[in-house]
Amino acid sequence: MNYLSSAFGGPWCVAVYTYREGIRRKLLIGFLILSLLVIFGSSFITSFVDPTAETDIDLKLIKDICVTAIAIFGALITVYISASVIPAEVETKVIYTVLSKPVSRVQYLLGKFLGIQLIIIVNLLLMGGLFFMALYIRQGIMPTLLLWSIFLTYFEFLIISAFTFAVSCAATSPLVPTLQGLFIYITANLTEYLKDVEHRAGQTGQFLDEAIGKIATALYSILPNLQNFSIKMQIVNGQPNDPPTDVMIPWLVLYSLVYAVAGFACAYLVFRRKEV
Amino acid sequence: MTTVIRTTALNKIYEGSLRSQDVHALKDLNLEIREGEIFGYLGPNGSGKTTTIKMLLGLLFPTSGKIEILGSEAIESAKIKRNIGYLPEGAYYPDFLRGEEILSYYGRLYGLRGAELNKRVDETLELVGMQHARKRFLRGYSKGMRQRIGLAQALISDPKILILDEPTTGLDPIARKDIRDLLVELRKRGITLLISSHELLEVELISDRVAILFEGVMQTLGTMDELLTQRELSMTVEHMTDEIAASLEEKGIVVEDRTGIRALLRLPQKLSTYDAIELCQARKLNLLSISPRRETLEELFVRIVGSASESREVAQ
Ligand SMILES: Nc1ncnc2c1ncn2[C@@H]1O[C@H](COP(=O)(O)OP(=O)(O)OP(=O)(O)O)[C@@H](O)[C@H]1O
Ligand SMILES: [Mg+2]
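First to last, the protein sequences are chains A and B.
Residues in the first sequence are numbered consecutively from 25, following this note's numbering.
Residues in the second sequence are numbered consecutively from 58, following this note's numbering.
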């Protein structure tokens with residue numbers, strides 16, 4: 025117990041501090057407010073205007089908009105916060121006062137990473153919570169499927185966060201890690217498309233075609249497939265309290281954790297001998 | 058006397074990037090800081106003071122050489138770091154926290170908890186004179202208050218060694234005096250202090266030993282008495298005239314300051330007190346005061362840095 029508290033006490037303090045600091049960032053609050061406005065606007069306003077005129081199509085559209093809004097704003101928040109926590113602390117030199125305390129570099133990184141996860145989770149819960157209420161008020165059924173969706177979305181973000189964080193440890197400003205994070209998020213959501221490119225590019229045998237095919241293959245095999253984490257179609261089309269079908273939840277969680285550990289290990293390798 | 062910090066042939070080269078050259082920021086530095094002393098670490102801008110300090114704290118890594126703190130080379134271990142407090146140069150402290158919250162954050166990083174933590178927060182706030190502002194957010198603090206909170210975070214664990222990088226830069230005279238008094242008080246409690254500074258008058262007042270660095274090379278190191286030995290006589294006289302001044306200057310006496318008939322004279326070292334009195338009698342000068350005069354730290358600094366940069370220019 026004593027050993028545990030000395031090994032994880034430091035990281036936990038850093039995590040709580042990181043959370044408190046990060047949650048005050050203007051850009052992050054901006055993203056959060058925008059997403060809440062989209063969810064609130066799309067799910068409440070239409071029904072207030074004329075509740076009787078509501079159709080099934082409307083509801084599907086609303087669900088689609090809201091799930092997409094959570095995914096996109098959530099990803100923006102994830103990338104932004106994962107990319108900027110370390111560079112900002114180096115920039116303001118707060119890192120000097122922290123690393124000179126009896127906190128090892130791995131404990132420090134762990135604390136920062138945990139703090140980032142807390143921020144992501146709280147934001148997801150706020151966005152998901154509002155949508156959950158909206159759906160419940162409309163349909164009168166607990167939309168438990170939405171909870172599964174939020175859960176899986178978090179594990180999707182965990183992968184993005186770990187890799188953006190690793191790049192941010194090597195960077196001197198948040199710009200490069202932000203761009204890289206967005207790149208990974210977008211391409212990893214398009215892996216099916218990459219596979220398609222791979223197939224088609226192989227057909228002509230021209231040099232450029234082959235090169236594009238190779239790049240697509242490489243990306244496809246390295247990048248995680250983030251589409252697996254989305255149950256949007258089921259949310260839009262199915263019953264709100266269905267159990268999630270078509271996805272292997274434990275397997276996805278494991279998949280995400282493996283990527284996260286790999287990302288964190290990269291971050292540590294970069295940061296271990298970083299001069300600040 | 059035990060040595061608490063020792064560096065042996067310490068070198069630091071900042072690797073250049075594509076467009077910039079390597080910077081050899083520290084060259085074969087040998088430094089010994091003894092228990093319980095105030096050590097003044099001096100040098101012009103860019104001479105390598107901050108570089109040295111950051112290496113002591115494991116924020117930068119030496120290119121070669123050895124660092125020992127409290128007899129151990131494992132300077133990054135929690136066991137050693139627990140004994141060190143550090144005030145970085147020009148650091149920022151989080152605006153969104155209150156004074157006391159910042160201190161408890163840093164205190165927790167030292168492993169302090171509960172009642173012990175609260176007690177240390179109280180004590181350090183008291184020590185740096187910030188009890189009145191403990192509940193206020195840092196965004197409402199002045200520069201001097203921030204610097205005091207910076208000192209408090211360095212002191213929170215009651216460290217054996219305190220490393221301060223320019224602790225009084227940008228502060229008003231009263232705040233400086235407060236901090237100076239505090240540093241002397243800390244030495245009385247047995248804390249070893251390493252202070253880098255450009256405020257030579259302050260350093261002269263409180264330091265036991267000083268080192269002067271120039272372009273990464275240690276130029277001189279010693280106690281104030283050892284370094285500032287050159288004793289000259291300084292005299293104040295009345296009834297000075299231009300002819301007398303001219304005749305005195307022939308003898309190598311410097312007329313430093315002359316207002317009307319009164320003048321301040323500086324005598325070369327070879328002249329004794331008796332010679333001085335004789336000189337005055339011979340010229341019918343009225344002697345008001347005579348006192349030995351020690352070189353100031355500022356003069357030493359200018360002399361050392363001046364000759365070091367001259368010899369560098371010759372070498373080029
Ligand atoms: N990160 C860095 N990369 C490259 N060169 C650096 C870096 N940091 C410092 N230097 C160089 O190393 C030398 C020593 O710098 P340092 O900051 O240690 O000086 P200092 O004595 O603390 O100066 P000051 O009194 O201005 O604070 C300078 O020439 C500086 O340009
Ligand atoms: Mg400096």
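In this text, a Cβ means the ideal position worked out from N, Cα and C, and glycines have one as well.
Note that this is a predicted model, so its numbers are computed, not measured.
The shortest CA-to-CA distance from residue 218/B to any of 366/B, 132/B, 249/B and 308/B is the one to 249/B. In this structure, residue 300/A lies near residue 114/A, with their beta-carbon atoms less than 7 Å apart.
Take the alpha-carbon of residue 290/B and the one of residue 323/B: they are about 6 Å apart. Listed in chain order, the non-local C-beta contacts of residue 186/B below 7 Å within the same chain comprise 205 and 235, local neighbours out to five positions each way being set aside. Among the bridge pairs identified by DSSP, residue 320/B is matched with 294/B and 315/B.
Taking the Cα positions, residue 64/B is about 9 Å away from residue 109/B. For residue 276/B, the enclosing beta strand (DSSP E) has its first and last residue at 274-280.
Note on geometry: alpha-carbon atoms of residue 101/B and residue 274/B lie some 12 Å from one another. Residue contact with chain B for residue 41/A: present (Cβ-Cβ distance below 7 Å to some residue of chain B).
Think of a sphere of 9 Å around the beta carbon of residue 46/A: no beta carbon from chain B falls inside it, the nearest being about 11 Å out. Secondary structure of residue 133/A (DSSP, three-state): helix. Using a Cβ-Cβ cut-off of 9 Å, residue 78/B is close to nothing in chain A; its nearest Cβ partner there is about 17 Å away.
Judged by the Cβ position, residue 107/B qualifies as a neighbour of ligand 2 at the 6 Å threshold, a heavy atom of the ligand being closer than this. Closest in alpha carbon position to residue 134/A, among 190/A, 56/A and 217/A, is 190/A.
Between the region 145-164 of chain B and the region 198-212 of chain B, the count of Cβ pairs shorter than 8 Å is three or higher; the stretches touch.
Taken atom to atom, the span from the alpha-carbon of residue 257/B to that of residue 288/A is near 47 Å.
When distances are taken from the beta-carbon of residue 368/B to the heavy atoms of ligand 1, even the shortest one reaches 6 Å or more. Scanning its chain for C-beta atoms nearer than 8 Å, with the 5 sequence neighbours on each side dropped, one finds around residue 66/B the residues 85, 86, 87, 121, 122 and 123, in chain order.
Residue 149/A and residue 231/B have their C-alpha atoms spaced approximately 51 Å apart. For the region 103-119 of chain B, the residues whose beta carbon sits under 8 Å from a beta carbon of chain A are, in order, 111, 114, 115, 116, 117 and 118. A direct Cα-Cα distance of roughly 24 Å separates residue 90/B from residue 127/A.
Spanning the alpha carbons of residue 209/A and residue 60/A requires a straight line of approximately 21 Å. For residue 54/A, the enclosing alpha helix (DSSP H) covers residues 50-64.
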